[in-house]
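Numbering (the numbering used here), first residue to last: 93 to 492.
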Ligand SMILES: Cc1cc2nc3c(=O)[nH]c(=O)nc-3n(C[C@H](O)[C@H](O)[C@H](O)COP(=O)(O)O)c2cc1C
């Protein structure tokens with residue numbers, strides 16, 4: 093599935109809050125998703141960020157005033173409202189929130205909003221006391237009951253020095269939520285288990301055996317499944333990645349812990365997608381203290397870890413089971429063997445190189461299906477690989 097905002101008309105509203113600088117990055121991310129973005133700024137927003145940055149990134153004129161001269165005789169706020177597929181206001185000041193809640197139309201952004209019929213997503217951001225004041229709370233409740241989506245601010249240290257709720261979420265998180273609101277809910281209510289990341293097998297208290305898996309592929313699958321309405325549990329080894337929104341995350345360390353966490357969830361899952369790079373071997377013994385650099389050679393004896401995917405495959409019943417295979421050679425042969433041996437419906441294979449595999453944002457995959465067919469895909473963002481995989485899962489016979 094292509095990004096839900098690709099070729100869609102998105103209007104980004106920017107009002108005069110300290111977090112206006114973050115909307116530049118949000119615009120960049122939307123352009124990266126190939127959305128067609130138009131920007132409306134309030135006059136006060138111009139005190140914080142210049143229009144030129146938005147114009148250069150969106151390659152469109154920015155609208156800041158109702159009565160600005162335009163080249164043709166169009167009525168811009170009405171035309172843009174008619175053509176919009178979604179509107180996102182980030183940051184949304186207490187002022188614009190109040191105006192939208194009460195139907196006030198005294199500048200370009202507030203007047204435009206009254207004419208809009210598509211989904212409107214509002215991202216409040218302000219000082220904690222402002223955010224918690226009764227009038228702002230009342231206005232936000234009103235916006236929600238009017239059918240607008242509100243992305244609540246995060247808690248943290250604010251520019252004004254106070255710590256509390258009011259901070260605009262990071263642009264990546266706002267984009268994630270926007271995609272979620274706009275995605276078709278074709279996995280609604282499905283119980284989906286995803287594994288991600290590496291595992292760490294201890295040699296001694298300060299050393300371990302692991303691999304460079306970043307967890308990005310599994311986190312992308314979990315995000316995509318949540319966006320499409322799934323109830324997602326993500327079991328992940330150590331990664332730097334933040335928890336995806338609305339996903340239950342279980343963090344584990346070793347292959348053994350990963351196995352326990354997965355087996356606990358198998359019964360309750362309808363779709364299992366195993367992207368984790370679980371260690372195949374673990375040191376047979378772990379030294380109680382740090383091993384000292386004394387001998388010229390050190391021999392580590394490793395023993396096989398449990399084959400989680402194979403065991404899940406044996407208990408598969410009518411579940412959909414998907415595995416991943418990162419190989420350095422003979423992809424077709426190894427992936428095909430794994431597909432059969434582990435009783436999988438789909439295996440997603442990739443050859444590890446610089447643009448594909450561990451730690452990268454992109455992946456170049458081939459999907460092998462249990463009927464013996466395969467699909468070779470061009471290099472794609474991991475988010476796109478995730479959505480494409482979910483499309484294929486939905487079309488597996490008798491799956492859903
Ligand atoms: C330095 C500074 C930072 C501000 N930051 C915020 C903010 O983060 N959120 C907010 O609601 N208002 C903030 N304000 C107040 C708004 O700019 C003010 O309420 C303004 O009328 C909003 O206009 P607009 O909604 O038309 O953009 C800030 C004001 C100043 C001077």
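We put the beta carbon where it would ideally sit given N, CA and C, even for glycine.
> Where are the alpha helix (DSSP H) runs, 4 residues long or more, that stay fully inside the region 225 to 310, in chain order?
Replying inline: Annotation: the region 225 to 310 contains the following complete segments of the alpha helix (DSSP H) (minimum length 4 residues), in chain order: 226 to 237 and 263 to 274.
> Roughly how many angstroms lie between the CA atoms of residue 231 and residue 119, to the nearest whole one?
Replying inline: Between the C-alpha atoms of residue 231 and residue 119 there is a straight-line separation of about 26 Å.
>> For the pair the region 357 to 368 and the region 281 to 293, tell me if three or more CB-CB distances fall below 8 Å.
In response: Here the region 357 to 368 lies against the region 281 to 293, with 3 or more beta-carbon pairs under 8 Å apart.
> Who are the Cβ neighbours of residue 325 in its own chain at under 6 Å, not counting the five residues just before and after it?
Replying inline: Closer than 6 Å at the Cβ level, and outside the excluded window around residue 325, lie 285, 340 and 357.
> Hey, quick one: how far does the alpha helix (DSSP H) through residue 162 stretch, first residue to last?
Replying inline: Taken as a continuous stretch (DSSP letters only), residue 162 belongs to no alpha helix (DSSP H), as it is neither H nor E.
>> Taking 6 Å as the cut-off, is the C-beta of residue 115 nearer than that to any heavy atom in ligand 1?
In response: Result no, Cβ not under 6 Å from ligand 1.
> From residue 240 to residue 217, what does the alpha carbon distance come to, in whole angstroms?
Replying inline: Residue 240 and residue 217: Cα-Cα distance of roughly 16 Å.
> For residue 125, does the count of other Cβ atoms within 10 angstroms reach 16, so buried, or fall short, so exposed?
Replying inline: Sixteen is the threshold: when 16 or more other Cβ atoms of the shown chains lie within 10 Å of the Cβ of residue 125, as they do, the residue is buried.
> For residue 411, which three-state DSSP category applies?
Replying inline: For residue 411, the three-state secondary structure derived from DSSP is coil.
>> Less than 6 Å separating the Cβ of residue 133 from some heavy atom of ligand 1?
In response: Distances from the CB of residue 133 to the heavy atoms of ligand 1 are all 6 Å or more.
> residue 99 to residue 187, Cα distance in whole Å?
Replying inline: Roughly 31 Å separates the two Cα atoms.
> So which of 412, 181, 330 and 425 has the shortest CA-CA distance to residue 435?
Replying inline: The candidate whose alpha carbon is nearest that of residue 435 is 412.
> Which residues in the same chain have their Cβ closer than 6 Å to the Cβ of residue 469, if we skip the five residues on either side of it in sequence?
Replying inline: Correct list, in chain order: 457.
> Considering only residues of the region 354 to 394, which uninterrupted beta strand (DSSP E) runs meet the minimum length of 3 residues and lie entirely inside it, listed in chain order?
Replying inline: As far as the region 354 to 394 is concerned, its whole beta strand (DSSP E) runs of at least 3 residues are 363 to 366 and 373 to 375.
>> Spatial neighbours of residue 252 within its chain, please: C-beta separation below 6 Å, excluding the five flanking residues on both sides.
In response: Excluding positions up to five away in sequence, the list reads 219.
> Got a sec, what are the start and stop residues for the beta strand (DSSP E) residue 103 sits in?
Replying inline: For residue 103, the enclosing beta strand (DSSP E) begins and ends at 101 to 106.
> Among the residues of its own chain, which have a CB less than 7 Å from the CB of residue 491, if the five just before and after it don't count?
Replying inline: With a pLDDT of only 47 at residue 491, under the threshold of 50, the placement of this residue in the model should not be trusted, and no figure is reported.
>> For ligand 1, is there any heavy atom lying closer than 6 Å to the beta carbon of residue 185?
In response: Within 6 Å of the C-beta of residue 185 there is at least one heavy atom belonging to ligand 1.
> For ligand 1, any of its heavy atoms closer than 6 Å to the Cβ of residue 231?
Replying inline: Closer than 6 Å to some heavy atom of ligand 1: that does not describe the Cβ of residue 231.
>> Between 277, 395, 198 and 185, which has its C-alpha nearest residue 242's C-alpha?
In response: That would be 185, whose Cα lies nearest to the Cα of residue 242.
> Candidates 453, 425 and 114: which alpha carbon is nearest residue 459's?
Replying inline: Nearest option by C-alpha distance: 425.
>> Here's the rule: buried if 16 or more other CB atoms are within 10 angstroms of the residue's CB, otherwise exposed. What is residue 293?
In response: Residue 293 is buried by the Cβ-count criterion.
>> In this structure, how does DSSP classify residue 190 when only helix, strand and coil are distinguished?
In response: DSSP places residue 190 in helix when its eight states are reduced to three.
> Below 7 Å between beta carbons: does that hold for residue 201 and residue 132?
Replying inline: Going by C-beta atoms, residue 201 is nearer than 7 Å to residue 132.
> Quick one, which of 198, 139 and 482 has its alpha-carbon nearest residue 109's?
Replying inline: Nearest C-alpha to residue 109: 139.
>> Alpha carbons only, please: which of 437, 135 and 397 is nearest the one belonging to residue 410?
In response: The candidate whose alpha carbon is nearest that of residue 410 is 437.
> Can the beta-carbon of residue 351 be found less than 7 Å from the beta-carbon of residue 407?
Replying inline: Against a cut-off of 7 Å, the Cβ pair of residue 407 and residue 351 comes out as no contact.
> Going along the chain, which residues of its own chain have a beta-carbon closer than 7 Å to the beta-carbon of residue 511, five neighbours each way excluded?
Replying inline: What the structure shows of the chain is the stretch from 93 to 492, and residue 511 is not part of that stretch, so it cannot be assessed.
> Apart from the five residues just before and just after residue 498, which ones in its own chain have a Cβ nearer than 8 Å to its Cβ?
Replying inline: What is shown of the chain runs 93 to 492, which leaves residue 498 out entirely.
>> Three or more C-beta pairs under 8 Å: does that hold for the region 148 to 157 against the region 254 to 262?
In response: Judged by Cβ distances under 8 Å, the region 148 to 157 makes no contact with the region 254 to 262, as fewer than three pairs qualify.
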